[in-house]
Amino acid sequence: MTVLLIAEHDNASLKEATHKALSAAAKVGGDIHVLVAGYQAAAAAEHAAKLTGVTRVLHIDAAELERPLAEPMAANIVALAADYDHIVAPATNNGKNYMPRVAAMLDVMQVSEVSDVKAADIFVRLIYAGNAVQTVQATDAKKVITVRIASFPPASETGNAVVGRKEAVADPGLSSYVGETISRSDLPELTSAKVVISGGRGMQSGENFKLLEAVARKLNAAVGASRAAVDAGFVSNDYQVGQTGKVVAPELYIAVGISGAIQHLAGMKDSKIIAAINNDQDAPIFQVADFGLVADLFEALPQLEKAL
Amino acid sequence: MKILVAVKRVVDFNVAIRVKADGSGVDIGNAKMSMNPFDEIGVEEAVRLKEAGKATEVVVVSIGPAQVQETLRTALAMGADRAILVKHEDYVEPLGVAKVLKEVVTAEKPDIVILGKQAIDDDCNQTGQMLAALLGWPQGTFASKIDIEESTLTVVREADGGLQTVRLRMPTIVTTDLRLNEPRYASLPNIMKAKKKPCDEMTPADYGVDVKPRLKLIKTEEPSKRQAGVKVCSASELAAKLKETGAIR
Ligand SMILES: Cc1cc2nc3c(=O)[nH]c(=O)nc-3n(C[C@H](O)[C@H](O)[C@H](O)COP(=O)(O)OP(=O)(O)OC[C@H]3O[C@@H](n4cnc5c(N)ncnc54)[C@H](O)[C@@H]3O)c2cc1C
């Protein structure tokens, strides 16, 4: 049995999502090969060779793979599929984009965002915004899986696998990359940070997120947000934590001016410790918070910054 | 230009569901049902394209039990022209739905198919991508803005690091994200008008599609519950408690 793990990377190095998805792939059992599909991505492929437990790295280089467009990504993965029993990718934005395309091309029903692997064909996943936990058996011959990265620890880098080049298949020519607007921040990335501090509608403006950033800087924390804060334009879409945004499980999650709707809880309730600051003592967020502070956030945040 | 929008009837986002005691599934009882919020955004976008003179017809389709009629009527009341109900009593997985939709697309020949990025019940986030694969079409997933220019569609996508813009050849698939638009409420006159709009009924068998599930449900459980902790009196007490836990230094 051999697993093909699709790496998440920026051509220069791997993203931690790959290490976490590898921990899920390792629970499947068998050999693990990693596909690094990118453009001028030799450094990322070398990085993948260090992943513990990986026996082979396949490196495909083509201009259309510089930013993983779903159409050429899926075509390249499907071209390799015959040799593999499992195809696994992290449920990042990219993985969510190309993996169902791979699954349908192979006539396989994908198992999305697995939070645990019980056997080579038995997986655990959350439904209804995390309000129910399903265990399913995949009956297709091949398994196509995306991994809820917040549910797995990152694999280490003690390996020394061989890297082999593969030719890219012809670009299906259906799509092209135009540009991107990347949010820049000197703070850690949301899904890999040990501490996350998120703001909600209670923050009242994007300007006020500076109060969160000041605390975040002290804690080396990432800044996140509720949907309401994103919809209101306080911060950009990539800050959204929740059922339909990013799922995080840091050591510490601090929710500020967030009521605690189930859709938000779905993205953070696996955090080790949850703290909440809200001026409404009945806010549902307090039902999941280990530490609750009923206070006006505009007073509490500067005080917290000072106390840290 | 014709637009096809796929919609799903789901438990309303405000309802807290219960897991059945015997582990066989989720008890939705008489829970309020609604159109999947992402699909509402899809219907809204299609109707806006028609209102802007860019689309000529908006067709909505849903796969599910007879009650799915209501969901289709909602879409018609929002401004869709015509509906197709593909009746099937049991749960259909995204792959099965995509296969049925492929046949609907072959019959209807739309230029754009819009779907929600995910259904808020099974949280799969698959159907649009699968349909694109089966048709060999491009896919503009997690769209927060779309623009039609002749035979191409420019899609601004919500990505992990911000926004990404891609250009797709038409015909194409689009899946909606939350910021694409804010769906309207149907007005009473439009709800009345919707009752007279045509709704065809089909079955997966009519399209020759096998929708047997590929995943076998072993069990459904309650998630582990968190306990409410303690209230602290001040920000400095909060800082002290957090330091005690070792989560921060
Ligand atoms: C399809 C769908 C998908 C969704 N996906 C997500 C998702 O992924 N993530 C997500 O977060 N939500 C999601 N939601 C939205 C979710 O249902 C809630 O609407 C949202 O989480 C509310 O955000 P909020 O807590 O910031 O705002 P509110 O619910 O308005 O809460 C604001 C809180 O701030 C407090 N507050 C106000 N002023 C102050 C002050 N001065 N000091 C202290 N506290 C203050 C208030 O007491 C209140 O509790 C989704 C909804 C739908 C329908």
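Taken in order, these protein sequences are the chains called D and F.
With the numbering used here applied, the first sequence corresponds to residues 1 to 308, in that order.
With the numbering used here applied, the second sequence corresponds to residues 1001 to 1249, in that order.
Cβ atoms here follow ideal geometry from the backbone N, Cα and C, with glycine treated the same way.
Predicted model only: the values in this text are computed from it and were never measured.
I think residue i touches residue j, with their Cβ atoms under 8 Å apart; what is that distance to the nearest whole Å?
i, j, result
"asparagine 76 (chain D)", "isoleucine 60 (chain D)", "6 Å"
"proline 359 (chain D)", "aspartate 171 (chain D)", "Here chain D has residues from 1 to 308 only, and residue 359 (chain D) is not among them."
"lysine 1231 (chain F)", "valine 241 (chain D)", "Contact doesn't hold; Cβ gap of about 23 Å is too wide."
"proline 153 (chain D)", "lysine 20 (chain D)", "7 Å"
"alanine 275 (chain D)", "leucine 1242 (chain F)", "6 Å"
"valine 335 (chain D)", "proline 1223 (chain F)", "Any answer about residue 335 (chain D) is impossible in this case: the structure gives chain D only from 1 up to 308."
"alanine 104 (chain D)", "methionine 1130 (chain F)", "4 Å"
"leucine 35 (chain D)", "glutamate 157 (chain D)", "Contact doesn't hold; Cβ gap of about 18 Å is too wide."
"alanine 229 (chain D)", "leucine 22 (chain D)", "Their Cβ separation, rounded to whole angstroms, is 33 Å, which puts alanine 229 (chain D) and leucine 22 (chain D) out of contact at 8 Å."
Measuring only the C-alpha atoms, how far is residue i from residue j?
i, j, result
"aspartate 1027 (chain F)", "valine 1019 (chain F)", "6 Å"
"alanine 1083 (chain F)", "valine 1059 (chain F)", "6 Å"
"leucine 174 (chain D)", "serine 1024 (chain F)", "42 Å"
"isoleucine 122 (chain D)", "threonine 135 (chain D)", "7 Å"
"lysine 1109 (chain F)", "glutamate 1093 (chain F)", "23 Å"
"threonine 1245 (chain F)", "lysine 272 (chain D)", "10 Å"
"isoleucine 277 (chain D)", "alanine 283 (chain D)", "10 Å"
"lysine 1032 (chain F)", "asparagine 131 (chain D)", "17 Å"
"glutamine 137 (chain D)", "glycine 206 (chain D)", "45 Å"
"glutamine 287 (chain D)", "isoleucine 262 (chain D)", "11 Å"
"lysine 306 (chain D)", "leucine 219 (chain D)", "12 Å"
"isoleucine 145 (chain D)", "glycine 257 (chain D)", "35 Å"
"glutamate 1190 (chain F)", "asparagine 208 (chain D)", "Note that residue 1190 (chain F) is asparagine in the sequence shown, not glutamate. Using only the alpha carbons, I get a separation of about 42 Å."
"leucine 252 (chain D)", "lysine 194 (chain D)", "7 Å"
"threonine 1203 (chain F)", "leucine 1095 (chain F)", "16 Å"
"aspartate 1210 (chain F)", "arginine 148 (chain D)", "29 Å"
"lysine 142 (chain D)", "valine 108 (chain D)", "7 Å"
"alanine 43 (chain D)", "leucine 14 (chain D)", "9 Å"
Give me the chain D residues within the contact set of residue i, using Cβ-Cβ distance strictly less than 8 Å, ordered along the chain.
i, result
"isoleucine 1114 (chain F)", "Going along chain D, no residue has its Cβ under 8 Å from isoleucine 1114 (chain F), so there is no contact; the nearest lies around 16 Å."
"leucine 1095 (chain F)", "Ala103, Ala104, Asp107, Val108, Met109 and Gln110"
"arginine 1214 (chain F)", "Val108, Met109, Ala138, Thr139 and Asp140"
"isoleucine 1017 (chain F)", "Tyr128, Asn131 and Ala132"
Along chain F, which residues have their Cβ under 7 Å away from the Cβ of residue i?
i, result
"leucine 211 (chain D)", "Here the premise fails: no neighbours, minimum Cβ distance about 12 Å."
"arginine 227 (chain D)", "Leu1178"
"alanine 275 (chain D)", "Leu1238 and Leu1242"
"glutamate 251 (chain D)", "Ala1247"
"asparagine 383 (chain D)", "As shown, chain D starts at 1 and ends at 308. That puts residue 383 (chain D) outside it, with no answer to give."
"leucine 219 (chain D)", "Ile1248"
In chain D, what lies closer than 9 Å to residue i by C-beta?
i, result
"arginine 1167 (chain F)", "Ser175, Ser176, Tyr177 and Val178"
"serine 1144 (chain F)", "Asn237"
"alanine 1235 (chain F)", "Ile277, Leu293, Ala295, Glu299, Ala300, Leu301, Pro302, Gln303, Leu304, Glu305, Lys306 and Ala307"
"glutamate 1103 (chain F)", "Under the 9 Å cutoff, chain D gives no residues; its nearest Cβ is about 14 Å from glutamate 1103 (chain F)."
List the endpoints of the continuous beta strand (DSSP E) containing residue i.
i, result
"glutamine 1139 (chain F)", "1139-1149"
"glutamate 1103 (chain F)", "Segment 1094-1108 is the alpha helix (DSSP H) holding glutamate 1103 (chain F); no beta strand (DSSP E) there."
"histidine 59 (chain D)", "54-61"
"lysine 1117 (chain F)", "From DSSP, lysine 1117 (chain F) is part of no beta strand (DSSP E); its letter is neither H nor E."
"alanine 119 (chain D)", "111-119"
"glycine 1162 (chain F)", "1162-1169"
"glutamate 1201 (chain F)", "1199-1202"
"valine 169 (chain D)", "Neither: valine 169 (chain D) is in no beta strand (DSSP E) and is coded neither H nor E."
"lysine 1002 (chain F)", "1002-1006"
Which bits of chain F does residue i rub up against, with CB to CB less than 8 Å?
i, result
"arginine 101 (chain D)", "Gln1129, Met1130, Ala1132, Ala1133 and Gln1139"
"serine 183 (chain D)", "Gly1161 and Gly1162"
"lysine 27 (chain D)", "Within chain F, no residue comes near lysine 27 (chain D); the closest Cβ sits about 17 Å away, beyond 8 Å."
"leucine 69 (chain D)", "Val1166"
So which residues on chain D does residue i lean against when the C-beta distance must stay under 7 Å?
i, result
"serine 1151 (chain F)", "Correct list: empty, because the minimum Cβ distance to chain D is about 12 Å."
"aspartate 1122 (chain F)", "Ile127"
"leucine 1217 (chain F)", "Gln134 and Val136"
"valine 1060 (chain F)", "The contacting residues do not exist; valine 1060 (chain F) stays about 22 Å from chain D at best."
"arginine 1226 (chain F)", "Lys269 and Val288"
The alpha helix (DSSP H) that contains residue i, what's its start and end?
i, result
"methionine 1078 (chain F)", "1068-1078"
"phenylalanine 263 (chain D)", "For the sequence presented, residue 263 (chain D) should be read as glutamine rather than phenylalanine. Taken as a continuous stretch (DSSP letters only), the alpha helix (DSSP H) holding glutamine 263 (chain D) covers 262-265."
"aspartate 83 (chain D)", "That residue, aspartate 83 (chain D), is in no alpha helix (DSSP H); it is neither H nor E in DSSP."
"glutamine 137 (chain D)", "First-last for glutamine 137 (chain D): 132-138, but that is the beta strand (DSSP E), not the alpha helix (DSSP H)."
"leucine 301 (chain D)", "297-307"
"isoleucine 1028 (chain F)", "Note, isoleucine 1028 (chain F): premise wrong, no alpha helix (DSSP H); not H, not E."
"aspartate 231 (chain D)", "227-231"
Against residue i, what residues of chain F qualify as contacts under a CB-to-CB distance less than 9 Å, listed in chain order?
i, result
"isoleucine 258 (chain D)", "Ordered by position in chain F, no residue passes the 9 Å Cβ test against isoleucine 258 (chain D), which lies about 15 Å from the chain."
Touch test, the region 156-165 of chain D against the region 1132-1140 of chain F, Cβ-Cβ under 8 Å, three pairs minimum
When C-beta atoms of the region 156-165 of chain D are compared with those of the region 1132-1140 of chain F, fewer than three pairs fall below 8 Å, so the two segments do not count as touching.
Is the region 1042-1052 of chain F touching the region 1004-1020 of chain F, taking contact as three or more C-beta pairs under 8 Å? Between the region 1042-1052 of chain F and the region 1004-1020 of chain F, the count of Cβ pairs shorter than 8 Å is three or higher; the stretches touch.
Counting beta carbon pairs with one atom in the region 1076-1090 of chain F and one in the region 1117-1126 of chain F, are three or more of them shorter than 8 Å?
With the cut-off at 8 Å, the region 1117-1126 of chain F and the region 1076-1090 of chain F do not touch.
### Message
Across the region 103-113 of chain D and the region 228-236 of chain D, are there enough close Cβ pairs to call them in contact, namely three or more that are closer than 8 Å?
### Response
Result no; under three Cβ-Cβ pairs closer than 8 Å.
Review point. Between the region 179-186 of chain D and the region 1153-1169 of chain F, do three or more beta carbon pairs fall short of 8 Å?
Key: These segments touch.
*Using 8 Å as the threshold, is the region 1189-1199 of chain F in touch with the region 1065-1075 of chain F, meaning 3 or more CB pairs across them?*
The region 1189-1199 of chain F, when compared against the region 1065-1075 of chain F, does touch it at the 8 Å Cβ threshold.
inquiry  = Pairs of beta-carbons, one from the region 45-56 of chain D and one from the region 1143-1152 of chain F, closer than 8 Å: are there three or more?
reply    = Taking 8 Å as the limit for Cβ pairs, the verdict is that the region 1143-1152 of chain F does not touch the region 45-56 of chain D.
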